[in-house]
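These notes are about the structure you will find just below.
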Amino acid sequence: MIVLGIETSCDETSAAVVRAPGEVLSNVVFTQQEMHGPFGGVVPEIASRSHLEKLPDVVEQAREESGLSWGEIDAIAVTYGPGLASSLLIGMSGAKGLAMRLGIPLIPVNHLHGHIFSALLSPGCPSIQEACPFIAHVVSGGHTSLVEVKDPQTVRLLGQTIDDAAGEAFDKGASLLGLGYPGGPLMDRLAKEGNASAVKFPRTQLSADSLKHYPHLDPELSFSYSGLKTSLMYYVKKHPESRDDDVQRQDVVASYQEAIVDALVSRCVRAMDGQTTLAMGGGVSLNSRLRARLQGEAAARGWQLLLTEPRFCADNAAMIAFVAAQGLAGVTKGVDAMKIDVMPSLSIVIGSARC
Amino acid sequence: MKDSSIFAPGNTMTNNKDTSITVVTHSPSETLQLANRLVASTQGALVLALHGELGSGKTCFVQGIGQAMGIRDAITSPTYTLVGEYKGSDRTLYHFDLYRLHDADELWALGFEEYLNQNGVVAIEWAERAEDTLPANTIHVHFDVKDATMERCIRFSNLPPALQRFDTVA
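These protein sequence lines map, in sequence, to chains A and B. Take the first sequence: its position 107, counted from the start at 1, is 1251 in my numbering, and no numbers get skipped. Take the second sequence: its position 100, counted from the start at 1, is 1045 in my numbering, and no numbers get skipped.
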């Protein structure tokens, strides 16, 4: 089966062609980050306008690079949530149009399942069936979650952030330090020159009491980054020179990054109790300090660590087409396919869309 | 004092000074409880515009709103998705974050008025990005950080008469 995937949930307009079970024939990503730079982030209306402008070219390029004709595509996969409603709609409408025109099925895919399984999307890595059961860590600008994948169809939420995602902690921290957007890569680079124990930033430990309103979340496996951001704000107010002096700023960045990474690594270690395989995906999984720390833990504890290839970490359509090509999402046809709606608040545990 | 609003309704409806109160909180949990109390004192549609810099207490406040409404999902930052939607026990919370918005018109282009017409609670972070386009009955909440303490000065303005003493009612 050959699947053409479409992804437009946030910044990236992407299309990809994947041959089952997991051969990526093309993966075209147009990112709007440069366009958004001066505004410090995604501007929703501009984002959806840009998706609308770029999608036809991106899809055509993905088809062309795959070396296949339209007649050889067996199904269209598309992200139906979670994400920005107006942006999701552009991808969904394009996908419906293609599926109808080509007379082939439409497969709506949960964006977060793309990230969960993206670490298994490289030559030589185990199949999803071989990898199960495993723990997946999805860490990005909008999400920070730990799930257990018991079998390819069963995703169970273990813990997640209760306020800001790790990527947002990077972006807002960078903004407080006057570094620019996106904050993650900038901080990663600066932190390499700094002393990570120079400033003592808090490691928020959630208590059962603070999570009593969220009984389905395990406090030991959940995250909170709002307080860390606030403590950076206090620090910068008290030490305004940390914004201007290069050496001090490197130390603050390294210390702040270490606090973010510590929280991620310590939860992964807890989640891995009794497990053998950890997979990590999402834009923040590109962070070099996070990768190195988890590699260290994996070596010491004998885990199998599956890190997503850098080109599949940020949002991309290859991971969406992959989930569909693996048969992990519901297949819709004809009139039913046209009834599929986008779901901006889609939960990480839901696989198949219902129409 | 208590009766002044009954005999002189014009005062409370037109003069912002008369419809605002300021509360100082000393910890994140006090901020959360304050929000809980405000929302628990209301029924039906409510629009709250939250103003304040990064780290000034807006996140805690929104979590308090969620608790008052009986929401069981974690209310995470909607910075990247613009709006988060949560079903409460009898109202729905629409949690906006306009941090990345550039122009107020963009908010309306995204169907903002549809959210306002749902009879739910609309909480808007970084509301100053859309100041001029918010409905007239919007309650504005300004968060002010006192240097180097956990204290927050939280000022509520444009409160309707029924809510002008919400902070003192148990």
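All C-beta atoms in this analysis are idealised placements derived from N, C-alpha and C, irrespective of residue type, glycine included.
Neighbour-count burial assignment, residue i, 16 or more Cβ in a 10 Å radius
i       : result
B:D1042 : buried
A:Q1273 : exposed
B:T967  : exposed
A:G1338 : buried
A:K1373 : buried
A:K1483 : exposed
A:S1213 : exposed
A:S1153 : buried
A:P1249 : buried
B:M958  : Reliability fails at B:M958, whose pLDDT of 40 lies under 50, so the model's placement of it is uncertain and the value that follows must be treated cautiously. Per the 10 Å Cβ criterion, exposed.
A:R1087 : Look at the range of chain A in this structure, 1145 to 1499, and you will see that residue 1087 of chain A is not part of it.
B:I1091 : The residue you asked about is not Ile; residue 1091 of chain B is Lys in the sequence shown. Counting Cβ neighbours within 10 Å, B:K1091 comes out exposed, since fewer than 16 surround it.
A:K1336 : exposed
A:S1223 : Note that residue 1223 of chain A is Thr in the sequence shown, not Ser. By the neighbour-count rule (16 or more Cβ atoms within 10 Å), A:T1223 is buried.
A:V1147 : buried
A:D1155 : buried
B:D948  : Reliability fails at B:D948, whose pLDDT of 35 lies under 50, so the model's placement of it is uncertain and no value is given.
A:E1402 : buried
A:H1383 : exposed
A:S1271 : exposed
A:G1227 : buried
B:Q1063 : exposed
B:T1113 : exposed
A:P1182 : Here A:P1182 scores only 49 on pLDDT, less than 50, and its place in the model is too uncertain to base an answer on.
A:G1247 : exposed
Near the ligand MN: residue i beta-carbon under 6 Å from a heavy atom
i       : result
A:A1458 : The model depicted lacks the ligand MN and carries no ligand whatsoever.
Neighbourhood of residue i by C-beta distance below 6 Å, restricted to the same chain and skipping five residues each side
i       : result
A:T1157 : F1174, H1195, K1198, L1199 and V1202
A:A1206 : A1159, A1160, V1161, S1170 and V1172
A:A1442 : L1449
B:N960  : Summary for B:N960: the model assigns pLDDT 44, below 50, so the residue's position carries little reliability; its value from the coordinates is reported in the next sentence. Closer than 6 Å at the Cβ level, and outside the excluded window around B:N960, lies no residue.
B:Q1012 : N981
Proximity below 7 Å, CB of residue i to CB of residue j
i       : j       : result
B:A1068 : B:L993  : yes
B:R1045 : B:G1065 : no
B:H996  : B:E1073 : yes
A:R1300 : A:E1292 : yes
A:V1282 : A:H1259 : yes
A:P1252 : A:A1465 : no
A:E1151 : A:D1485 : no
A:L1355 : A:P1346 : no
B:T987  : B:N1103 : no
B:Y1060 : B:Y1031 : no
A:L1330 : A:A1342 : no
A:L1350 : A:L1290 : no
A:A1221 : A:A1481 : no
A:G1166 : A:A1461 : no
A:A1473 : A:A1164 : no
A:I1279 : A:Q1419 : yes
A:T1523 : A:G1371 : Given a span of 1145 to 1499 for chain A in the structure shown, any question on residue 1523 of chain A remains unanswerable.
A:S1262 : A:M1463 : yes
A:S1237 : B:L1055 : no
A:C1457 : A:S1429 : yes
Cβ neighbours of residue i in the same chain (closer than 8 Å, five flanking residues each side left out)
i       : result
A:L1334 : L1323, R1393, Q1394, V1397 and A1398
A:V1405 : N1431, R1433, L1434 and R1437
A:G1225 : S1153, L1232, N1254, H1255, V1486, M1487, P1488, S1489 and L1490
B:L1079 : V992, A994, I1069 and A1072
A:C1276 : V1293, K1294, D1295 and P1296
A:E1385 : Q1392
A:K1477 : P1249 and L1250
A:S1375 : F1345 and P1346
Contact set for residue i: own chain, Cβ-Cβ below 7 Å, skip 5 residues either direction
i       : result
B:C1005 : P973, T976 and L977
A:I1234 : T1152, S1192, H1195, L1196 and L1199
A:G1285 : A1309, G1311, E1312, D1315 and G1427
A:T1298 : none
B:K1003 : L995, G997, E1070 and F1088
TODO: Report yes or no: do the stretch 1420-1431 of chain A and the stretch 1296-1308 of chain A share at least 3 C-beta pairs separated by less than 8 Å?
DONE: Segments in contact, no.
Open item on the list: Against chain A, which members of the stretch 985-1011 of chain B pass a CB distance test of less than 7 Å?
Closed with: Listed in sequence order: L999, G1000 and T1004.
Open item on the list: Between the stretch 1088-1102 of chain B and the stretch 970-986 of chain B, can you find at least three pairs of beta-carbon atoms closer than 8 Å?
Closed with: Touching, yes.
Open item on the list: Check whether the stretch 1004-1021 of chain B and the stretch 1356-1369 of chain A are in contact - that is, three or more C-beta pairs closer than 8 Å.
Closed with: Result yes; three or more Cβ-Cβ pairs closer than 8 Å.
TODO: Report yes or no: do the stretch 1448-1456 of chain A and the stretch 1211-1226 of chain A share at least 3 C-beta pairs separated by less than 8 Å?
DONE: In this structure the stretch 1448-1456 of chain A does not lie against the stretch 1211-1226 of chain A, because fewer than three pairs of beta carbons, one per stretch, are closer than 8 Å.
TODO: Below 7 Å between beta carbons is the criterion; list the residues of the stretch 1371-1384 of chain A that meet it against any residue of chain B, in chain order.
DONE: Sequence-ordered contacts of the stretch 1371-1384 of chain A with chain B read K1373, T1374, M1377, Y1378, K1381 and K1382 [C-beta pairs closer than 7 Å].
- [ ] Could you run through the stretch 1016-1030 of chain B and flag, in chain order, every residue whose CB is less than 8 Å away from some CB of chain A?
- [x] Listed by position, the residues of the stretch 1016-1030 of chain B near chain A (Cβ gap below 8 Å) are I1016, R1017, D1018, A1019, I1020, T1021, S1022, T1024, Y1025, T1026, L1027, V1028, G1029 and E1030.
- [ ] With 9 Å as the limit, tell me which residues of the stretch 1305-1316 of chain A have their beta carbon closer than that to any beta carbon of chain B; keep them in chain order.
- [x] Listed in sequence order: T1305, I1306, D1307, D1308, A1309, G1311, E1312, D1315 and K1316.
Open item on the list: Residues of the stretch 1325-1351 of chain A in Cβ contact with chain B at a cutoff of 8 Å, in chain order, please.
Closed with: Along the stretch 1325-1351 of chain A, there is no position whose C-beta sits under 8 Å from a C-beta of chain B.
- [ ] Would you list, in chain order, the members of the stretch 1214-1240 of chain A that have their beta-carbon closer than 8 Å to a beta-carbon of chain B?
- [x] Within the stretch 1214-1240 of chain A, the residues whose Cβ lies closer than 8 Å to some Cβ of chain B are P1226, G1227, L1228, A1229 and S1230, listed in chain order.
TODO: Name, going along the chain, the residues of the stretch 1471-1498 of chain A whose beta-carbon falls closer than 8 Å to a beta-carbon of chain B.
DONE: Listed in sequence order: P1488 and S1489.
- [ ] Could you list the residues in the stretch 1276-1289 of chain A with a C-beta less than 7 Å from some C-beta on chain B, going in chain order?
- [x] For the stretch 1276-1289 of chain A, the set of positions with a beta-carbon nearer than 7 Å to some beta-carbon of chain B reads G1285 and G1286 in chain order.
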